[in-house]
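> Residue numbers (this note's numbering): 1 to 263. Ideal placement from N, C-alpha and C gives every residue a C-beta, glycine not left out.
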Ligand SMILES: NC(=O)c1ccc[n+]([C@@H]2O[C@H](COP(=O)([O-])OP(=O)(O)OC[C@H]3O[C@@H](n4cnc5c(N)ncnc54)[C@H](OP(=O)(O)O)[C@@H]3O)[C@@H](O)[C@H]2O)c1
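1. Can you list, in chain order, the residues of its chain with a C-beta nearer than 8 angstroms to that of residue 132? Leave out the 5 residues immediately preceding and following it.
2. Using 8 angstroms as the threshold, is the region 163-170 in touch with the region 106-123, meaning 3 or more CB pairs across them?
3. Run the proximity test for residue 141: is its beta-carbon closer than 7 angstroms to any non-hydrogen atom belonging to ligand 1?
4. Apply the 10 Å Cβ neighbour rule to residue 36 and answer buried if 16 or more other Cβ atoms are within range, or exposed otherwise.
5. Residues in its own chain within less than 8 angstroms of residue 269 by CB, not counting five upstream and five downstream?
6. Report all residues from its chain with a CB closer than 8 angstroms to the CB of residue 72; omit the five preceding and five following residues, and keep chain order.
7. Could you check where the alpha helix (DSSP H) with residue 128 kicks off and where it finishes?
8. Please tell me whether, using a cut-off of 7 angstroms, the distance from the CB of residue 43 to the nearest non-hydrogen atom of ligand 1 is below it.
9. What's the call for residue 103, buried or exposed, on a 16-neighbour Cβ count within 10 Å?
10. Do three or more CB pairs link the region 236-255 to the region 38-46 at distances below 8 angstroms?
11. Would a C-beta distance cut-off of 8 angstroms place residue 74 and residue 237 closer than the cut-off?
12. Which residues does DSSP pair with residue 141 in a beta bridge?
13. Keeping to the same chain, check which residues put their C-beta closer than 6 angstroms to that of residue 137; ignore five residues upstream and five downstream.
14. Whole angstroms are fine: how far does the CA of residue 219 sit from the CA of residue 13?
15. So the beta strand (DSSP E) residue 264 belongs to, where does it begin and stop?
16. In the DSSP assignment, what residue or residues form a beta bridge with residue 63?
17. Could you tell me the boundaries of the beta strand (DSSP E) in which residue 12 lies?
18. When you compare each of 193, 149, 91 to residue 24 by their alpha carbons, which one comes out closest?
19. What residue range is occupied by the uninterrupted alpha helix (DSSP H) comprising residue 154?
20. Going by the C-beta, is residue 190 closer than 7 angstroms to any heavy atom of ligand 1?
21. Mapping the DSSP letters down to three states, classify residue 190 as helix, strand or coil.
22. Here's a check: name, in chain order, each residue in its chain whose Cβ is nearer than 8 angstroms to the Cβ of residue 152, leaving out the five neighbours to either side.
23. Is residue 182 closer than 8 angstroms to residue 240 when the C-beta atoms are compared?
24. What does the alpha-carbon distance come out to for the pair residue 76 and residue 196?
25. Is residue 195 near ligand 1, judged by its Cβ being under 7 angstroms from some heavy atom?
26. For residue 170, count neighbouring C-beta atoms within 10 Å of its own C-beta (all shown protein chains included) and say buried if the count is 16 or more, exposed if not.
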């Protein structure tokens with residue numbers, strides 16, 4: 001199926017590894033031009049080069065920390081300078097620390113709000129004038145299954161990503177007339193460097209073999225495996241494609257059946 005993404009101009013956050021890398025690669029494979037964002041330059045340059053070599057796409061690495069308003073503004077400017085416009089934005093990056101909510105002070109909350117919520121507010125504010133001028137566009141937010149099925153220890157993310165879901169739903173109404181769609185994906189367990197770190201830490205804490213921990217976690221997923229960045233990227237590609245232009249304001253889990261709820 002041709003997703004009609006050839007020459008579309010995209011910005012993908014947290015694109016040097018994991019889910020963001022998978023999304024940037026998929027969009028490039030579909031013929032899009034991609035600005036890839038991350039903080040650490042060496043790994044970002046290496047990731048951009050890998051995608052460029054594999055796909056031949058126009059790929060622009062932009063060093064940026066999405067917690068900083070000025071970095072977001074500069075990243076959008078750089079992408080527009082190279083591509084002329086922006087059609088697609090994928091808001092993805094790291095996440096606030098894990099821990100019981102009683103242990104977090106105002107400063108920790110402020111950092112979580114900046115990282116998970118304000119980064120999306122600011123990015124959308126910067127890109128919508130370009131999307132409007134281009135005749136439309138698509139925004140996809142990557143959150144987590146825990147933002148619709150809360151888990152103990154993930155409260156900073158749950159609370160701030162719930163804000164992103166509310167923001168996206170409202171924006172989908174406000175931006176529909178401009179033919180700009182906005183949707184939110186809630187990944188379940190996805191095999192990335194971040195998840196490996198979580199498994200290693202858990203195995204150390206419980207003094208167990210990491211491979212046993214991984215196997216147990218896999219068996220907890222109804223479909224019997226971890227997700228891959230490609231599983232997330234496939235949905236992103238549809239949502240940002242002209243073929244997905246009637247889909248907006250949705251919150252969709254990609255979790256191998258992990259969510260246990262009717263709604
Ligand atoms: N993996 C899972 O099972 C899973 C499940 C549900 C939700 N998620 C969420 O999905 C997102 C991506 O997860 P992942 O597993 O792909 O993580 P990952 O492997 O740690 O990759 C994170 C990427 O984001 C970049 N990044 C982190 N903080 C950033 C910042 N402040 N500004 C710009 N770039 C930043 C990192 O590069 P630099 O460090 O160089 O900046 C890296 O490219 C996270 O929000 C995570 O919570 C993941």
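Let me lay it out:
1. Translated into the one-based positions of the chain shown, residue 132 becomes position 132. Annotation for residue 132: 178, 180 place their beta carbon closer than 8 angstroms to its own, counting only its chain and skipping 5 residues before and after.
2. yes
3. By 1-based counting over the chain shown, the position of residue 141 is 141. No, since every heavy atom of ligand 1 falls outside the 7 angstroms radius drawn around the Cβ of residue 141.
4. For the purposes of this step, residue 36 is taken as the residue at position 36 of the chain shown. Residue 36 counts as buried, since no fewer than 16 other beta carbons sit within 10 angstroms of its beta carbon.
5. There is no way to answer for residue 269, as the model of the chain reaches only from 1 to 263.
6. The residue you call residue 72 lines up with position 72 of the chain shown. So the list reads 64, 66, 119, 122, 123, 126, once near-sequence residues are dropped.
7. The residue given as residue 128 occupies position 128 in the chain shown. Looking at the DSSP string, the run of the alpha helix (DSSP H) that includes residue 128 is 119-133.
8. As a first step, residue 43 must be located in the chain shown, where it is residue number 43. For ligand 1, at least one heavy atom lies less than 7 angstroms from the Cβ of residue 43.
9. Locating residue 103 in the chain shown gives position 103, where the first residue counts as 1. It is exposed - the Cβ of residue 103 has fewer than 16 other Cβ atoms within 10 Å.
10. no
11. Against the chain shown, residue 74 aligns to sequence position 74. Against the chain shown, residue 237 aligns to sequence position 237. No; because the gap between Cβ atoms is not below 8 angstroms, this pair is not in contact.
12. The sequence position of residue 141 within the chain shown is 141, counting from 1. Answer is 91, 184, bridged to residue 141.
13. To locate residue 137, count along the chain shown from 1; it is residue 137. So the qualifying residues of the chain are 87, 131, 180.
14. Position 13 of the chain shown, counting from 1, holds the residue named residue 13. Position 219 of the chain shown, counting from 1, holds the residue named residue 219. Spanning the two alpha carbons is a distance of roughly 30 angstroms.
15. The question about residue 264 has no answer here: the residues shown for the chain are numbered 1 through 263.
16. Within the chain shown, numbered from 1, the residue matching residue 63 stands at position 63. Answer is 38.
17. The count along the chain shown starts at 1 and reaches residue 12 at position 12. Note, residue 12: beta strand (DSSP E), 9-12.
18. Within the chain shown, the letter at position 24 stands for residue 24. Residue 24 has its Cα closest to that of 91, out of 193, 149, 91.
19. Residue numbering aside, residue 154 sits at position 154 when the chain shown is read from its first letter. Per DSSP, residue 154 belongs to no alpha helix (DSSP H) and is neither H nor E.
20. Mapped onto the chain shown, residue 190 falls at position 190. Yes; taking the cut-off as 7 angstroms, the Cβ of residue 190 has a heavy atom of ligand 1 nearer than that.
21. Residue mapping note: residue 190 aligns to position 190 of the chain shown, counting from 1. Reduced to three states, the DSSP call for residue 190 is strand.
22. Working through the chain shown from its first residue, we reach residue 152 at position 152. So the list reads 100, once near-sequence residues are dropped.
23. In the chain shown, the residue the question calls residue 240 occupies position 240. In the chain shown, the residue the question calls residue 182 occupies position 182. Going by beta carbons, residue 240 and residue 182 fall outside the 8 angstroms limit.
24. The residue labelled residue 76 in the question sits at position 76 within the chain shown. The residue labelled residue 196 in the question sits at position 196 within the chain shown. Looking at the two C-alpha atoms, the distance is approximately 31 angstroms.
25. For this step, residue 195 is matched to residue 195 along the chain shown. For ligand 1, at least one heavy atom lies less than 7 angstroms from the Cβ of residue 195.
26. Counted from its first residue, the chain shown places residue 170 at position 170. So residue 170 counts as exposed.
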